[in-house]
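> Mind having a look at this structure? Questions to follow.
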Amino acid sequence: MFGVQAVTEALRSGSRTFIKIFLSHRQRQFSQIIRFAKVQGVPLQVQPRERLDRLVPAANHQGVVALVAAKAYASEDEILEYAAQQKETGFFLALDGVEDPQNFGAVLRTAVTAGIHGVFIPDRRSVGLTASVAKASAGAVEHVRVARCANIAKLIDRLQGRGVTTVALEPRSPRLYTELNFTGPVLLVFGGEGRGLRSRIVERCHVHARIPMRGEVNSLNVSASVAVVAYEVVRQRM
Numbered sequence: 001m002f003g004v005q006a007v008t009e010a011l012r013s014g015s016r017t018f019i020k021i022f023l024s025h026r027q028r029q030f031s032q033i034i035r036f037a038k039v040q041g042v043p044l045q046v047q048p049r050e051r052l053d054r055l056v057p058a059a060n061h062q063g064v065v066a067l068v069a070a071k072a073y074a075s076e077d078e079i080l081e082y083a084a085q086q087k088e089t090g091f092f093l094a095l096d097g098v099e100d101p102q103n104f105g106a107v108l109r110t111a112v113t114a115g116i117h118g119v120f121i122p123d124r125r126s127v128g129l130t131a132s133v134a135k136a137s138a139g140a141v142e143h144v145r146v147a148r149c150a151n152i153a154k155l156i157d158r159l160q161g162r163g164v165t166t167v168a169l170e171p172r173s174p175r176l177y178t179e180l181n182f183t184g185p186v187l188l189v190f191g192g193e194g195r196g197l198r199s200r201i202v203e204r205c206h207v208h209a210r211i212p213m214r215g216e217v218n219s220l221n222v223s224a225s226v227a228v229v230a231y232e233v234v235r236q237r238m
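Start counting the sequence shown at 1; every next residue gets the next number (this note's numbering).
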C-alpha cells in the first residue's frame, strides 16, 4: 500500500494488519501516520526515496509505503446482512468488468460518500482491491464492503428474489435515470470501460435507464456515471 491518504485511512480504520511502514523522511505531512503507527505498535523506518521507488516502481507513493495484509473481500451474504443491520433501505452497486484502478478507486470513494452498503464485482475480468485502487480511492477502500462474485447475472437474480429493484445503466435506453423511483431497495449495475454492460446482464435487470448526454462527447467514464446516479438515489431518499 502507498500514498499518504491511503495509509492514513487504513491506520485510522483498523481494517488492515500492518507489518511495517517506510517513510522517505519525517515531515509534518506524515504526522498522522506516525502518531497512529506508534499507538498501534507498527514499526516505522525512514528510507531513501530511491528505496521506496524500488518497492513500488512507477507509483506516486508520496514518500510513504506500507507493508500490509491484503484487504479482505466480503461475501455476498455479509453485504446483505450488513445492509439489514443498518435498518436502512438497501443500496447496492454491481460493476461488470471495470478494469481501470483509477476508475475503480473513484467509484469506491463515491460508494462510501453516498452510503452504498456494498459493491459487487466479478471474480474475473475486473480489477481487484490493489494498492493502486487504495490510493485512487484516497483511503475510501477501507470503509466499503466489496464482494467478488462468480456470476453477476445470478447475483441479480438473487437480489431480485429479495425485493431489490435492479437497474442497468444502458446508454441506448429511452428512459432517463431521473425518471426512476429509487426510494426502495436498489442495485445499480454499470458496465466497464469500452464494452459497457454485457447484453445478458442488461436483460436480467428490471429496469434500464441512461444518463442524458449533450455536446461532442457522448459518454462519461464509469466513476463519473456512478456518482451521477448514486447521488440521485441519495437525493430521493433525503
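Heads up, the beta-carbon is just placed ideally off N, CA and C, and yes, glycines get one too.
Quantities reported herein were computed from a predicted structural model and do not represent experimental measurements.
Taking three-plus beta-carbon pairs below 8 Å as touching, is the region 174–187 in contact with the region 143–152?
no
> How would you write the range of the beta strand (DSSP E) that LYS20 sits in, first residue to last?
18–23 is the extent of the beta strand (DSSP E) around LYS20.
> Of the choices LEU188, TYR231, LEU220 and VAL39, whose alpha-carbon is the least far from that of VAL207?
LEU188
> Which of the three DSSP states, helix, strand or coil, is assigned to THR8?
helix
> So what's GLY196 in DSSP terms, helix, strand or just coil?
strand
> Given a cut-off of 8 Å on the beta-carbon distance, is the pair VAL133 and PHE92 in contact?
No.
> Please report the distance separating the alpha-carbon of VAL222 from that of GLU9.
24 Å
> Just to confirm, is the Cβ distance from PRO101 to VAL119 under 8 Å?
At a Cβ-Cβ threshold of 8 Å, PRO101 and VAL119 do not count as neighbours.
> Enumerated in chain order, which unbroken segments of the beta strand (DSSP E) with a length of 3 residues or greater are wholly contained in the region 88–114?
91–96
> Decide yes or no for the touch test of the region 216–236 against the region 109–118: beta carbon pairs closer than 8 Å, at least 3 of them.
Yes: at least three Cβ pairs fall under 8 Å.
> Shortest alpha-carbon distance to ARG195 belongs to which of ARG204, ARG125, PHE30 and MET1?
ARG125
> Give me, in chain order, the residues of the same chain whose beta-carbon lies closer than 7 Å to that of LEU180; leave out the 5 immediate sequence neighbours on both sides.
VAL167, VAL207 and ALA209
> Looking at the unbroken beta strand (DSSP E) that takes in LEU187, where does it start and where does it end?
186–191
> Terminal residues of the continuous alpha helix (DSSP H) containing GLY161?
152–161
> Rounded to whole angstroms, what's the CA-CA distance from GLY90 to GLN27? Just pull it up for me.
43 Å
> Should VAL68 and PHE22 be called a contact, given that it needs their Cβ atoms to be closer than 8 Å?
no
> Less than 8 Å between the C-beta atoms of LEU11 and GLN40, yes or no?
yes
> Look at the Cβ atom of ILE33, then the Cβ atom of VAL56, and state whether they are nearer than 8 Å.
no
> By alpha-carbon positions, which one of GLU203, SER75 and CYS205 ends up nearest to ASP123?
SER75
> Give the DSSP bridge partners of PRO122, in chain order.
CYS149
> If you check the beta carbons only, do GLN47 and SER24 fall under 8 Å apart?
yes
> Measuring only the C-alpha atoms, how far is ASN15 from GLY215?
Sequence inspection shows Ser at residue 15; the Asn mentioned does not correspond to that position. Each residue's Cα considered, the two are about 43 Å apart.
> On the criterion of 16 or more Cβ atoms from any shown chain inside 10 Å, does GLY184 qualify as buried, or is it exposed?
exposed
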